[in-house]
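Enquirer: My structure is below; once you've seen it, I'll send some questions.
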Amino acid sequence: MTWFQPGSPEPLWKFQLIGMIVSLAVYNGLNMPVTLPKALYMKLLGLDVSELHHIADGWPDLTNGLTSLLEWDEKEGSVEDVFSRTYEYSVEQLGQHMTFDMGTEIESWPQFADSYVPSHIEAPLVTNATRNKFVSDYIHWLTDVSIRPQFEAFKRGFFTCIDPRSTRLFDPDTLQSVVEGVQDIDISEMRRAARYVGWEASNRTVKDFWSIVKKYNLEQKKKLLEFVTASDRVPVGGMRNLQFTLQKNGVGDEHLPSSYTCFGILLLPEYSSKEVLRKNLTTALENSMGFGFA
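According to the numbering used here, the stretch in the sequence shown is residues 39 to 332, in order.
Right, dumping it as structure tokens:
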């Protein structure tokens, strides 16, 4: 998961450049090998990021902690005594611990070249009466106040090739799929969409191949997809929009599977047994690197 660094030393034009690269990828129908939190896509669509479920994918531990704070039953003790949480937003910024009272407005978040002067006024403790507002404010500081210059630069770049009006067609989940592709890989769907060159779908080696990869975990599936297509993401629209071809590549247990990633072709030799196929395919996936020919 990737997010902005508060007060990053990198100049803002670099964040704008990254936004432009993502914009170009979307314009050309390409998926980016990134994982960004749902909050980013909400902000790009002009939606408020204000609820815990809005940040759950990017900050699961923080979400669990804040959920515990909200759900605490004061019959077991007061919120201030049990949690001892001050009404502050804290972050580690380039090795420096920075803390701000969220009840006080700041003109802008200190950037790398700015000096940070910690406040000597102690912030109040979070109480039963203020815990809901505390969580709302904390989410606001996390996803807006602390990273506003970097996000605004990224947003300017993102809308370089994309008309903001066109994004009204999307909700955050759909926009995320357009940018990142789909990370869930359905082998059964892949099998239905696969093409064959030199093979018949009924061939024993082909059946063994699908039997083996169907039992793969997510990381193994991603390695297989990347080995064949140079991307571990499924494009928007699912497997039907993916080029995945099994092409026969001779006979012999001494040969490993290989691929033409530009064309989505897996070059698969005919093996003497399912175990040989499993072993050679595993070896190929674990030791492949590069782009074009794997």
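The beta carbon of each residue, even a glycine, is placed where N, CA and C say it ideally should be.
Assign Tyr65 to buried or exposed, taking buried as 16 or more other Cβ atoms, counted over all protein chains shown, within 10 Å of its Cβ.
Expert: exposed
Enquirer: Short of 6 Å in beta carbon distance, which residues of its chain neighbour Glu308, apart from the five on each side in sequence? Order them along the chain.
Expert: Thr243 and Val289
Enquirer: Which of the three DSSP states is assigned to Ser395 in this structure?
Expert: A question about residue 395 goes unanswered here, because the residues of the chain that appear run from 39 up to 332.
Enquirer: In or out: Val120 buried (at least 16 other Cβ within 10 Å) or exposed?
Expert: exposed
Enquirer: Counting only runs that start and end within the segment 103 to 159, where is the alpha helix (DSSP H) found for 4 or more residues in a row?
Expert: 117 to 121
Enquirer: Taking 8 Å as the limit between beta carbons, can you name the residues of its chain near Arg230, skipping five residues before and five after?
Expert: Same-chain partners within the cutoff: Met277.
Enquirer: Starting from Glu190, trace the alpha helix (DSSP H) in both directions and tell me its first and last residue.
Expert: Arg186 to Phe196
Enquirer: On the DSSP letters alone, give me the boundaries of the alpha helix (DSSP H) that Arg230 sits inside.
Expert: First-last of the alpha helix (DSSP H) with Arg230: Ile225 to Ala231.
Enquirer: Cutting at 6 Å between CB atoms, please list the residues of its own chain near Pro162, excluding the five before and the five after it.
Expert: Spatial neighbours of Pro162 in its own chain (CB-CB distance under 6 Å, excluding positions within 5 residues in sequence) are listed in chain order as Tyr125.
Enquirer: According to DSSP, is Pro17 helix, strand or coil?
Expert: Absent from the model: residue 17. The displayed extent of the chain is 39 to 332, so no value can be given.
Enquirer: Whose C-beta lies closer than 8 Å to the C-beta of Tyr176 among residues of the same chain, with five residues either side of it excluded?
Expert: Leu104, Tyr127 and Met140
Enquirer: Around the Cβ of Lys259, are there at least 16 other Cβ atoms within 10 angstroms (buried) or fewer (exposed)?
Expert: Answer is buried; the Cβ neighbour count reaches 16.
Enquirer: For Phe197 and Pro273, I'd like the C-alpha separation in whole angstroms.
Expert: 21 Å
Enquirer: Identify which residue in Val314, Ser311, Leu305 and Pro295 has its Cα closest to the Cα of Asn325.
Expert: Pro295
Enquirer: Quick check: the Cα distance between Glu292 and Asp222, rounded to an integer number of angstroms?
Expert: C-alpha separation (whole angstroms): 33 Å.
Enquirer: Between Thr299 and Phe265, what straight-line distance do the alpha-carbon atoms span, to the nearest angstrom?
Expert: 7 Å
Enquirer: So, helix, strand or coil for Ser215, using DSSP?
Expert: In this structure, DSSP gives Ser215 a helical state, which the three-state scheme calls helix.
Enquirer: Return the first residue and the last residue of the alpha helix (DSSP H) that Gln54 is part of.
Expert: Leu50 to Tyr65
Enquirer: Between the alpha carbons of Thr267 and Val164, how many angstroms are there, rounded?
Expert: 51 Å
Enquirer: Between Gly219 and Ser269, how many whole angstroms is the CB-CB distance? I'm expecting something under 8 Å.
Expert: 7 Å
Enquirer: Give the single residue among Ile159, Lys193, Glu160 and Thr320 whose Cα lies nearest to the Cα of Lys261.
Expert: Thr320
Enquirer: Taking only the alpha-carbon atoms, compute the straight-line gap between Asp209 and Leu280 and give it to the nearest angstrom.
Expert: Taking the CA atoms as reference points, Asp209 sits about 23 Å from Leu280.
Enquirer: Checking 7 Å against the spacing of the C-beta atoms, do Pro187 and Leu50 come in under that value?
Expert: Against a cut-off of 7 Å, the Cβ pair of Leu50 and Pro187 comes out as a contact.
Enquirer: If Trp41 and Gly96 are in contact, beta carbons under 8 Å, what's the gap, nearest whole angstrom?
Expert: 6 Å
Enquirer: Along the beta strand (DSSP E) that carries Ser296, what are the first and last residues, could you check?
Expert: Segment Ser296 to Tyr298, the beta strand (DSSP E) holding Ser296.
Enquirer: So, using beta-carbon positions, are Gly340 and Gln131 closer together than 7 Å?
Expert: Only positions 39 to 332 of the chain appear in the structure, and residue 340 is not among them; the question remains open.
Enquirer: Leu78: which of Ser226, Asn102 and Asp182 sits nearest, CA to CA?
Expert: Asp182
Enquirer: Determine, using beta carbons only, whether Arg169 and Val87 come nearer to each other than 7 Å.
Expert: no
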